[in-house]
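Peer 1:
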Amino acid sequence: GDGFNDAPALKRADIGVAMGLSGTEVTKETATLILADDNFATLVAAVEEGRAIYDNIKKYLVYLLSCNFAEILVLTLAVFLGLPLPLIALQILWVNLTTDGLPALALGVDPKAPDLMDRPPRPRREGVFTLQVNVLLLAISLHLTLVLLPLFAWYVHADPNRLGAPDLVLRQAQTMVFVTLVLAELFNSLNCRDTVHSLFTVGPLANRFLVVSLLVSLALLAGVIQWPPLARLFHTRPLDLDDWLLALGLAITIIPLVELVKWLQRRRSPAVGKNLPRTGRAEAV
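And the structure:
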C-alpha cells in the first residue's frame, strides 16, 4: 500500500508492504516491510536472500553439531568402556577451532542452491531442527563414533614392540583417532553443502571458500602430525603411509553414509528435492 486508506488492510495482512518513496508515513508505520525503491522485484530478491541465509545457517549447524556430538560420544563411551581418553584437551581444541571453524565459516557463505525459489514456503512454526535434520545429525554422529571408537581400541591394544616402546602405543592410538576425525569432518563439510540433495548433484567444489578452507586445514593437519615441534606440542606421532591410508579410507566412508541417508529421506518424501536438476551447480559468489 501507499496511501492513508491502505493502513487498515496493511495492519490485517500477515505481511504488510508499504512503498518507501510514494507511501505515506501512516502506511510506513503500519507495514511490516517497506520497499525503499517502490519496486516489487526487490521483494523477490529479499525473499531469495532470506532463504539463502536460512539455508546456510542450517548447513552451518548440521556440520558443527554432528561433529561435536560425535566427539562427545567417542569420549564418553571410551570412559565407560574403561579405555584411555582418545583425544587430549589440546587436540580437541584444535579440532573445534581449526577443523570445525574454517569449513563452518565457508558454509556460512555457501552459494545459493539452484532450486531455492522453487521450494514451497516452509511452515511458519517449523524450526531448523526438523525430523530430516535430526536424522542426519544422528546418522553422522553415530557413524563417526562407530568408526573412531573401534579404531582407538584396536590401536590401544596394538603390539608395543611394533612401535618401539609401550608408552608410545597410546600416543599412536590418539594420533590415529585425531587424524581420522579431522579427515572425516573435512569430508563431512562437503556433505553439509546441501542437507537434502546429493553432494554430486550440487557440485562438491562449487564453494571456492570451502575448497580453500579444506586445503588449509589439511596443510595444518600435516604439520601437526609430521613436524616434530608441533607433534610434541599436540602429543602426536608421525604416521607412515599405511596409517594415513587407513585413516583416509575410514574417514571417507562418511560420504556414502550421508548419501544413503539423503537418498532414503528423498524416497520417503518424493516432493523433497525434486526441483533441482541433476546437473545443477551453484555459482560461487
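At the far end of the sequence shown sits residue 285, using UniProt numbering, and the numbering has no gaps. For each residue, glycine too, the CB sits at the ideal point set by N, CA and C. Small disclaimer: the values here were computed from a predicted structure and weren't measured.
Taking PRO84 as the reference, give the member of GLY223, TRP154 and ARG119 with the closest Cα.
Peer 2: In the sequence shown, the residue the question calls residue 84 occupies position 84. When each option's Cα is compared against that of PRO84, the closest is TRP154.
Peer 1: Does VAL216 come within less than 8 Å of chain C when only Cβ atoms are used?
Peer 2: Protein chain content of the structure displayed is limited to a single chain, and chain C is not contained in it.
Peer 1: Quick one: Cα of PRO150 to Cα of ALA184, how far?
Peer 2: For the purposes of this step, residue 150 is taken as residue 150 along the sequence shown, with counting starting at 1. For the purposes of this step, residue 184 is taken as residue 184 along the sequence shown, with counting starting at 1. Annotation: PRO150 to ALA184 spans about 15 Å, alpha carbon to alpha carbon.
Peer 1: Express the C-alpha separation of VAL74 and SER141 in angstroms, rounding to a whole number.
Peer 2: Start at 1 with the first residue of the sequence shown, and residue 141 comes out as number 141. Start at 1 with the first residue of the sequence shown, and residue 74 comes out as number 74. Taking the straight line from one Cα to the other gives about 9 Å.
Peer 1: So what does DSSP say about LEU264, is it helix, strand or coil?
Peer 2: Along the sequence shown, read from residue 1 onward, the residue named residue 264 stands at position 264. In this structure, LEU264 counts as helix in the three-state DSSP scheme.
Peer 1: Which of the three DSSP states is assigned to PRO277 in this structure?
Peer 2: Within the sequence shown, residue 277 is the residue found at index 277, counting from 1. The predicted model places PRO277 with a pLDDT of 46, which falls under 50 and marks its position as unreliable, so this point remains unresolved.
Peer 1: Start and end of the alpha helix (DSSP H) containing LEU233?
Peer 2: Translated into positions along the sequence shown, residue 233 becomes position 233. It spans 228 to 233 - the alpha helix (DSSP H) in which LEU233 sits, taken as one unbroken run.
Peer 1: Could you check what DSSP says for ALA18 in three-state terms: helix, strand or coil?
Peer 2: The residue given as residue 18 occupies position 18 in the sequence shown. Looking at ALA18 - three-state DSSP - the assignment turns out to be strand.
Peer 1: How many Å lie between PRO120 and THR175 at the Cα?
Peer 2: The residue labelled residue 120 in the question sits at position 120 within the sequence shown. The residue labelled residue 175 in the question sits at position 175 within the sequence shown. One C-alpha to the other measures close to 46 Å.
Peer 1: In angstroms with no decimal places, state the Cα-to-Cα distance between ASP110 and VAL224.
Peer 2: To locate residue 110, count along the sequence shown from 1; it is residue 110. To locate residue 224, count along the sequence shown from 1; it is residue 224. Taking the straight line from one Cα to the other gives about 28 Å.
Peer 1: Sorted by chain position, which residues of the same chain lie with C-beta nearer than 7 Å to HIS143's C-beta, five sequence neighbours on each side aside?
Peer 2: Residue mapping note: residue 143 aligns to position 143 of the sequence shown, counting from 1. For HIS143, where only same-chain residues beyond five positions count, the Cβ hits under 7 Å are ILE254 and LEU257.
Peer 1: In the DSSP assignment, what are the bridge partners of ILE34?
Peer 2: Here residue 34 refers to the residue found at position 34 of the sequence shown. Answer is ALA18.
Peer 1: Is the distance from the Cβ of THR98 to the Cβ of LEU233 below 8 Å?
Peer 2: Start at 1 with the first residue of the sequence shown, and residue 98 comes out as number 98. Start at 1 with the first residue of the sequence shown, and residue 233 comes out as number 233. Against a cut-off of 8 Å, the Cβ pair of LEU233 and THR98 comes out as no contact.
Peer 1: To which residues of the same chain is GLN265 closer than 6 Å at the C-beta, ignoring the five residues directly before and after it?
Peer 2: As a position in the sequence shown, residue 265 is number 265, starting the count at 1. Only GLN132 meet the Cβ criterion.
Peer 1: Here's the rule I'm using: 16 or more other beta-carbon atoms within 10 Å means buried, otherwise exposed. How should ARG125 be labelled?
Peer 2: Taking the sequence shown and counting its residues from 1, one reaches residue 125 at position 125. Exposed: under 16 other Cβ atoms inside 10 Å.
Peer 1: Using a Cβ-Cβ cut-off of 8 Å (strictly less than) and excluding sequence neighbours within five positions of LEU199, which residues of its own chain qualify?
Peer 2: The residue you call residue 199 lines up with position 199 of the sequence shown. Same-chain partners within the cutoff: LEU190, ASN191, ARG193, ILE255, VAL258 and GLU259.
Peer 1: Between the region 76 to 83 and the region 25 to 36, are three or more C-beta pairs nearer than 8 Å?
Peer 2: no
Peer 1: Expressed to the nearest angstrom, what Euclidean distance is found between the alpha-carbon atoms of VAL147 and ALA231?
Peer 2: Counting from one through the sequence shown, the residue named residue 147 turns up at place 147. Counting from one through the sequence shown, the residue named residue 231 turns up at place 231. The straight-line gap from Cα to Cα measures roughly 24 Å.
Peer 1: State yes or no: is the C-beta of LEU116 within less than 8 Å of the C-beta of THR195?
Peer 2: The count along the sequence shown starts at 1 and reaches residue 116 at position 116. The count along the sequence shown starts at 1 and reaches residue 195 at position 195. No.
Peer 1: In terms of residues, what are the limits of the alpha helix (DSSP H) holding residue 299?
Peer 2: A question about residue 299 goes unanswered here, because the residues of the chain that appear run from 1 up to 285.
Peer 1: Cβ-heavy atom distance between PRO150 and the ligand FAD below 7 Å?
Peer 2: As for the ligand FAD, it is missing from this structure, which has no ligand bound.
Peer 1: Return the residue from the list ALA104, LEU35 and THR24 that minimises the CA-CA distance to VAL17.
Peer 2: Within the sequence shown, residue 17 is the residue found at index 17, counting from 1. Of ALA104, LEU35 and THR24, the residue nearest in Cα terms is LEU35.
Peer 1: Which class does ASN207 belong to by DSSP, given the choice of helix, strand or coil?
Peer 2: On the sequence shown, residue 207 is found 207 positions in, with the first residue counted as 1. Annotated three-state conformation of ASN207 is coil, per DSSP.
Peer 1: Which residues in the same chain as ALA78 place their Cβ atom closer than 8 Å to its Cβ, once the five residues preceding and following it in sequence are excluded?
Peer 2: Numbered from its first residue, the sequence shown carries residue 78 at position 78. Take ALA78, set aside five residues on each side of it, and the residues of its chain with a beta-carbon closer than 8 Å to its own are PRO84, LEU85, PRO86, LEU149 and PHE152, in chain order.
Peer 1: What separation, rounded to the nearest whole angstrom, lies between the Cα atoms of ILE57 and ASP100?
Peer 2: If you number the sequence shown from 1, residue 57 lands on position 57. If you number the sequence shown from 1, residue 100 lands on position 100. Between ILE57 and ASP100, the C-alpha separation is close to 15 Å.
Peer 1: May I have the straight-line CA-CA distance separating ALA9 from THR27, to the nearest angstrom?
Peer 2: The residue you call residue 9 lines up with position 9 of the sequence shown. The residue you call residue 27 lines up with position 27 of the sequence shown. Taking the straight line joining both Cα atoms gives about 10 Å.
Peer 1: Do you know offhand how far VAL211's Cα is from ASP14's?
Peer 2: Mapped onto the sequence shown, residue 211 falls at position 211. Mapped onto the sequence shown, residue 14 falls at position 14. Looking at the two C-alpha atoms, the distance is approximately 41 Å.
Peer 1: Is the beta carbon of LEU107 sitting closer than 8 Å to the one on TYR60?
Peer 2: Indexing the sequence shown from 1 puts residue 107 at position 107. Indexing the sequence shown from 1 puts residue 60 at position 60. Contact flag set, yes.
Peer 1: Mind checking ALA45: buried by the 16 CB within 10 Å criterion, or exposed?
Peer 2: As a first step, residue 45 is located in the sequence shown; it is residue number 45 there, counting from the start. Classification for ALA45: exposed.
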